[in-house]
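Residue numbers (the numbering used here): 20 to 503.
Read through the structure below, which is laid out as structure tokens, and then see the notes.
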Amino acid sequence: MLREIIKKEVLDHMMGLRFSIACVLCFIVIVCSLFVRQQDFVRTVSIYNENSSVNRSERDQVDHPWRLVWLGIKLDQPPNPLKIFVRGIEDQNGYSVDLNCQQPIYLETAEIDNPLLPLFPSTDLMTFVGIIMSLLAVIFAYDTVSGEKERGTLRLMLSYSVPRDIVLLGKWIGGYVTLVIPFIIAVVAAAAIVLAQSNLLFTQAQWLQFMAVCLLSLLYIAVVYSAAIWISCLTSRSSTSIMLLVTLWLVFVLAIPNLSPYLAQAWKDAGSSQEMESERSETARQAWEDTVTKDMTRYDNAHGIDQAWWRNLQRGNWASEKVVVERTVFELDRQRSALIARLKMYRSVEEKYTRLLDAQISLSQWISRLSPFSCYAMAATELTDTGIHGKRGFMEQLEAHQIRLCEYSFSEWIPLEQYRLDHDGESPPSWTDNRAAPPPEFVYARPAGSDYLKVVAIDIGILSGMLVVFFMMSYLSFLKYDVR
């Protein structure tokens, strides 16, 4: 009997206007948005390759380590191909950063060529599923029970002594399968387009991430569909059902996700960026004062060097220059310690404010998790490395590379000055041709699959729990439903 009910539901939906609209919407929106976002990605990759080539050339042409210390190098984050499906927390696909040994890291975004793009953003897969597919789920399910009661077919069906649990399960399966068929076809078509494009090279791990997002989308659609059936089981008229569902959709899909950050901000203060910058500046000044200024004063006093030592410097007199070179070697060693300590202090200050911000973000997330759309959106962005943890992971790798660059620069700079001491003022050979090793290259490592699962486990668990609860509430309501 279950098979017959499922078949009836599938045929009823497929013969209706709703299924045709769903097919057209899914195919047109997903495929067209993929085409637009694919063009953006190709342009981003082209810019990234050009910038990487220029940055690599400039890095190879650095003629002295001091340039790495004070001027630094420019780095670019590789574009993430999964952003053609999930936009994430930033519209920008990849960041640029000027990395040196003295300043904290600031992520830069590229300028937008067309100022109208932010006004008319393209729709990504997450937005389509979260908003349009949830509306389609409401439209497919709002009259599943109440509509059949109005038409009299529900009373007729139950007159044949069919168990109510079988009827409800058959209606759920038949309606859900019909709802997701257009979505699955459109997603498969989008995947085929990606496979056919030679400039869209997904790794095996990225294909697995894409499949995980698709499965997550099916789970989210099932949650909304089950909730809509539950409301249909609570009402006797389909018009009442659709009014309640649209109201709940506005609250749980639009209102709660948008209000949660402001509620969390009002409840928990995370400090301001100005406070963090002020503390950073004071930290940098103090680190330099403690490690360089005070040590150099003690060195000058111990060696009888006047504070205005450059006035007594006699060019061409090695005895006079040697004192300065010895002082420079000592000063470089102190600068290395000071700058590395400063970079670590920058990280410490940032971690302090990050902990405050994390408390606010965590509260915002838990408030927003009242909405299934928020759970879906947070999990989808993290699965595609476009969420908060992905951005922080990139920053952590940059900070570690910044310290490596600082250690490398001074390890190459100090021997050049030491060479002058060992060879009575003779200029060292060309550093570019005789350096021990090239400057360290930054290689961004994306998180492993297990890291993604740890982050999204809570949201997937909540969505799964919602699915079970909504279906059980539908079942309990349907058992007591008056079909007369």
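Backbone N, C-alpha and C define an ideal beta-carbon position, used for all residues, glycine too.
Source: prediction; values computed, not measured.
Residues bridged to residue i (per DSSP)
i	result
residue 93	117
Segment limits, alpha helix (DSSP H) that includes residue i
i	result
residue 105	Where residue 105 is concerned, there is no enclosing alpha helix (DSSP H), given that its DSSP letter is neither H nor E.
residue 438	407-441
residue 262	257-268
residue 231	223-253
residue 453	450-453
residue 190	183-215
residue 282	275-286
residue 174	172-177
Backbone CA spacing between residue i and residue j [nearest angstrom]
i	j	result
residue 329	residue 344	Bear in mind that a pLDDT of 49 at residue 329, under 50, signals an unreliable position, so the number given afterwards is only what the model happens to contain. Answer to the nearest angstrom: the Cα atoms are 12 Å apart.
residue 452	residue 380	50 Å
residue 504	residue 476	Because residue 504 is not part of the residues shown, which for the chain are 20 to 503, the question remains open.
residue 235	residue 395	7 Å
residue 170	residue 393	36 Å
residue 356	residue 471	36 Å
residue 310	residue 411	30 Å
residue 503	residue 254	13 Å
residue 68	residue 154	41 Å
residue 27	residue 405	42 Å
residue 318	residue 308	14 Å
residue 414	residue 223	25 Å
residue 211	residue 374	43 Å
residue 342	residue 288	54 Å
residue 229	residue 179	45 Å
residue 284	residue 125	24 Å
residue 167	residue 273	30 Å
residue 260	residue 162	7 Å
residue 186	residue 22	10 Å
residue 189	residue 499	18 Å
residue 457	residue 103	35 Å
Reduced DSSP secondary structure (H/G/I, E/B, other) of residue i
i	result
residue 127	strand
residue 32	helix
residue 313	helix
residue 403	coil
residue 161	coil
residue 381	helix
residue 24	helix
residue 391	helix
residue 298	helix
residue 461	coil
residue 329	Because residue 329 carries a pLDDT of 49, less than 50, the predicted location of this residue cannot be relied on, and the following value inherits that uncertainty. Reduced to three states, the DSSP call for residue 329 is helix.
residue 111	coil
residue 324	coil
residue 349	helix
residue 473	helix
residue 370	helix
residue 142	coil
residue 480	helix
Given 8 Å, three or more beta-carbon pairs between the segment 111-119 and the segment 234-251: Touching, no.
Contact the segment 29-45 vs the segment 82-101: 3+ CB pairs below 8 Å: Taking 8 Å as the limit for Cβ pairs, the verdict is that the segment 82-101 does not touch the segment 29-45.
Cβ contact check for the segment 53-65 and the segment 98-112: 3 or more pairs under 8 Å: Result yes; three or more Cβ-Cβ pairs closer than 8 Å.
contact_flag[the segment 263-282, the segment 176-190] where n(CB pairs < 8 Å) is 3 or more: The segment 263-282 vs the segment 176-190: no contact.
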